[in-house]
Amino acid sequence: MRILGISAFYHDSAAALLHDGDIVAAAQEERFTRKKHDPGFPHHAVAYCLEQGPVTLDEIDYVVFYDKPFLKFERLLETYLAFAPRGFRSFSLAMPLWVREKAFQKKLLCDELKRYGSRSGLDRRLLFTEHHLSHAASAFFPSPFEEAAVLTMDGVGEWATTSVAMGRGNHLEVLREILFPHSLGLLYSAFTYYTGFRVNSGEYKLMGLAPYGRPVYADRIRGNLIDVKSDGSFRLNMDYFNYCTGLTMTNDRFDGLFGGPARKPEEELTQRHMDVAASIQLVLDEIVLSMTRSLAAETGAHNLCMAGGVALNCVSNGKVLRDGRFRQIWIQPAAGDAGGALGAALAAHHLYRDQPRSVSTFQDSMKGAYLGPAFPQAEIERRLRALGAQFSVEDDANLLKLCVEALAEGKALGWFQGRMEFGPRALGARSILGDARSPAMQSVLNLKVKYRESFRPFAPSVLREDVADWFDLDCDSPYMLLVADVAESRRRQMTPEEQQLFGIEKLKVPRSEIPAVTHVDYSARIQTVHWETNARYHALISAFKERTGCPVIVNTSFNVRGEPIVCTPEDAYRCFMGTEIEALAIGNCFLLKDMQDPDHKQNHVHAFAPD
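Printed below as a string of structure tokens:
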């Protein structure tokens, strides 16, 4: 049985393909179109999945869309009626689009899919799942658990913003929901907006900013914005928010509560913004912990699965793990709307068709999230020659030697290998790598390679077998979705003067043997690297460890600010030539910047809109 899942028309459109329950392919549309968070119909992602099958659309048994448009339309209408006459402008802008396209989405989807040559019965093969069921399915069915509690938290689906389910075998039962407008995702996005970052894009910046501040506004949030019960259920005070009726997330009353208007994008970040970020992160952590503790007590489950955009908050995830109410947690690597395409397909396979589920004996059934396009060596060489790139072709051993030497010399290394990752994180297939021991590497990568804000931390990739020697963590974290502290034995003790520093001044102080990946609170967003899912990346870090004694390297996504992660060799070469990356490995091709034609140099600083 072949099932194609699709998410589209909001943000992070994607497609995923199953064959008898096995995940064959999955990719986000943005990687092909080079448009960050592309919301359009995922033409390129669908075409890739069909090619990877290989399968025609007529050979697909079901096409499954990740939410139910009529329920979403109902929520839009009821919300505007509840708040009328406020929000008329927003209503008048949204309604023509909904009437023209989304209220007739089945026809729209059929029309789009006919481009792939389908000749018959497409409308009978088209299914729709509810948004939160898609998320829950994406979390439970690929997990390594026969039984688990499932927690989904995001902005909003049709009506649900938070849902709790129980998964057993090939069954998944939703137990309860919290409904719009009461939403943890929208609460966090309101603070994303207030601190000057882009909603549905900049939430991870808010998380990264939080350790620079103090949670001095936490009581104001608890006392004015949200009422939280002992089981983690909550209600927002909508007097402070504008997202139901307006074109902004917050209003003047919100501004007054936090001492000033929302920060404009690119304005200077002040200590107040950092304190606001610290405060909302603390409150989010508290609420998520209340939910998971209650869920553990209620269900008696030993395992927890998570999905939805809030599940990308790896700080909260790390606290849930350390809390110990659940023995193990597993988080869908594409936890946001892109993962809904995969969840929709899995829901159709297991719930609609009642097909059996095979639990993976190693880690999970996501194949390391390496589910996107790969390029054969001959194809890489052909494409690089067409670009006029200068490169050598190395055997495996010499390629690793050259890359390790580049890293040990303090160079930024572009690393393009195998199948592209599915989800928002680069996991050693489309990555920029650096020496974690370098005190300068964090600043160099932010300012000269990524062209992004200086405060943003970088993640470590560490050999799974060495993780406990370097971090306060001793479990798998293959998808960079858990935060843990650097091990005490690896830390550098700060002087009393250094401990008094606030805000961005904290950046100037190296905190450990691996300062490039140690955040100002001694934390790190950890990726454990496994030979079974990425042998070449594991071999690279192993060779780096043999050369330096350190099994940890910096891993950041292969892109600049505002650009989707690179997909093709051409994308990688352009990014290489538009930044100060000094070396590049694509397959077995090795490139050095100073060997390239100077006329190929580009300026990527303003090539993409800020994210």
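Positions 782 to 1392 (our numbering) are the ones given, in order, by the sequence shown.
A virtual CB, placed ideally from N, CA and C, is assigned to each residue, including glycine.
Query: Distance, residue 1284 Cα to residue 1060 Cα; Result: 14 Å
Query: Contact set for residue 1185: own chain, Cβ-Cβ below 6 Å, skip 5 residues either direction; Result: 1324, 1325 and 1328
Query: Same chain, Cβ closer than 6 Å to residue 1086, neighbours up to 5 away in sequence not counted; Result: 920, 921, 924, 929, 931 and 1111
Query: Three-state class that DSSP yields for residue 1218 in the structure shown; Result: coil
Query: Straight-line Cα distance separating residue 1335 from residue 1379; Result: 28 Å
Query: C-beta contact flag for residue 1393 and residue 908 at 8 Å; Result: This structure gives no information on residue 1393, because the portion of the chain shown stretches from 782 to 1392.
Query: Assigned secondary structure, residue 803 (DSSP; H/G/I helix, E/B strand, else coil); Result: strand
Query: For residue 943, the residue or residues it bridges with in DSSP; Result: 934 and 959
Query: DSSP beta-bridge partners of residue 1196; Result: 1212 and 1366
Query: Best match in 1365, 1377, 937 and 788 for proximity to residue 1175 [C-alpha to C-alpha]; Result: 1365
Query: Residue 937 versus residue 853 - alpha carbon distance; Result: 9 Å
Query: Pairwise C-alpha distance: residue 934 and residue 846; Result: 19 Å
Query: Length-filtered (4 minimum) alpha helix (DSSP H) runs lying within the segment 1335–1381; Result: 1350–1358
Query: Residue(s) in a DSSP beta bridge with residue 1085; Result: 930 and 1110
Query: For residue 788: DSSP bridge partner residues; Result: 795
Query: Alpha-carbon spacing of residue 1197 relative to residue 1338, whole angstroms; Result: 11 Å
Query: Residue of 1001, 1303 and 1251 minimising C-alpha distance to residue 1274; Result: 1303
Query: The segment 789–802 in contact with the segment 1116–1125 per 3-pair CB rule at 8 Å; Result: yes
Query: Beta-bridge partners of residue 1290, as assigned by DSSP; Result: Looking at the DSSP assignment, residue 1290 forms no beta bridge with any residue, so it has no partner.
Query: Same chain only: Cβ atoms within 6 Å of residue 1266, ignoring 5 sequence neighbours per side; Result: 1253, 1303 and 1304
Query: Other residues of its chain near residue 1080: CB distance less than 7 Å, five sequence neighbours each side excluded; Result: 930 and 947
Query: Terminal residues of the alpha helix (DSSP H) in which residue 1309 lies; Result: No alpha helix (DSSP H) holds residue 1309; the beta strand (DSSP E) holding it covers 1304–1310.
Query: Delimiting residues of the beta strand (DSSP E) encompassing residue 1015; Result: 1015–1017
Query: Given residue 1169 as reference, the closest of 1358, 1144, 1270 and 1294 once Cα atoms are compared; Result: 1358
Query: Buried or exposed (CB count within 10 angstroms, at least 16 for buried), residue 973; Result: buried
Query: Candidates 1135, 982, 913 and 1140, of which the one nearest residue 751 by Cα; Result: The displayed coordinates of the chain run from 782 to 1392. Any statement about residue 751 would go beyond what the structure contains.
Query: Reference residue 1183; option with closest CA among 1320, 1104, 1330 and 1152; Result: 1320
Query: Assigned exposure category for residue 1179 - 16 Cβ within 10 Å defines buried; Result: exposed
Query: For residue 874, the nearest candidate out of 1000, 1244 and 1028 (CA to CA); Result: 1028
Query: Option in 848, 988, 1294 and 953 with minimal Cα separation from residue 970; Result: 988
Query: Residue 1011 burial status per 10 Å Cβ neighbour count (16 or more: buried); Result: exposed
Query: Buried or exposed (CB count within 10 angstroms, at least 16 for buried), residue 1147; Result: buried
Query: Residue 811 and residue 819 closer than 8 Å at C-beta; Result: yes
Query: Residue closest to residue 849, alpha-carbon to alpha-carbon, out of 1199, 941, 808 and 1204; Result: 941
Query: Coarse secondary structure for residue 954, derived from DSSP in three states; Result: strand
Query: Integer-rounded CB distance, given that residue 992 should sit under 8 Å from residue 1301; Result: 5 Å
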